[in-house]
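What follows is a single structure, written as structure tokens, with notes after it.
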Amino acid sequence: MKLHWGHKLTFFVSLFILFIIFLVYKISVQKIDLVDKNYYEKGIKYQDEINKFSEAKVVQPKIEFDLAKQLITFTANDSTIKGTLHFYRSADADKDFEVPFQLTNNQFIYSTQSIQAGIWHITFEWVLNGKLMAIEKQLVL
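Positions -7 to 133 (this note's numbering) are the ones given, in order, by the sequence shown.
Written out as structure tokens, the structure is:
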């Protein structure tokens, strides 16, 4: 039996339809995470975010990543600083976590040995003299 143009057209249209069905399936099972659970509420209060990052420039804390020793070091001039260290992984929101910190001898050291390799967005947030401050860095493990 010889295939003429009608058979070929039916074959390619069927392939196209199967391809579209495959794409719809792949898109429907893809996991999509927002940057934050309260993303829209934070968007309304974004000026507060800008203020806390600009306030941190006055304190000028020093953040160092030592990949060989697998340590993060946060150093500041005021040892009364305590706050939260937020780890955000854009590839998987289930891996996000927070660590409370308090400076000892003007520094805080955190080990990154237990953290999965990949790109992490790290935010240090603290309150000093009644003002909320923050610094954000990116870490590649």
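In this text, a Cβ means the ideal position worked out from N, Cα and C, and glycines have one as well.
Where does residue i fall in DSSP's three states?
{"i": "Q105", "result": "coil"}
{"i": "K123", "result": "strand"}
{"i": "G(-2)", "result": "helix"}
{"i": "D40", "result": "helix"}
{"i": "D70", "result": "coil"}
{"i": "G35", "result": "helix"}
Can you name, in chain order, every residue of its own chain whose Cβ lies under 7 Å from the Cβ of residue i, other than the five neighbours on each side?
{"i": "S103", "result": "Q62, L63"}
{"i": "G75", "result": "F93, F116, E117, W118, V119"}
Quick one: what's got a C-beta closer than 8 Å to residue i's C-beta in the same chain, skipping five residues either side?
{"i": "V107", "result": "A small fix is needed here, since residue 107 is Ile in this sequence, not Val. The answer, listed in chain order, is F79, L133."}
Do you know offhand how far residue i's Cα is from residue j's?
{"i": "D84", "j": "V5", "result": "37 Å"}
{"i": "E41", "j": "L15", "result": "38 Å"}
{"i": "N30", "j": "K37", "result": "11 Å"}
{"i": "A126", "j": "A48", "result": "6 Å"}
{"i": "Q130", "j": "K0", "result": "53 Å"}
Buried or exposed: where does residue i fall if 16 or more other Cβ atoms within 10 Å of its Cβ makes it buried?
{"i": "L95", "result": "buried"}
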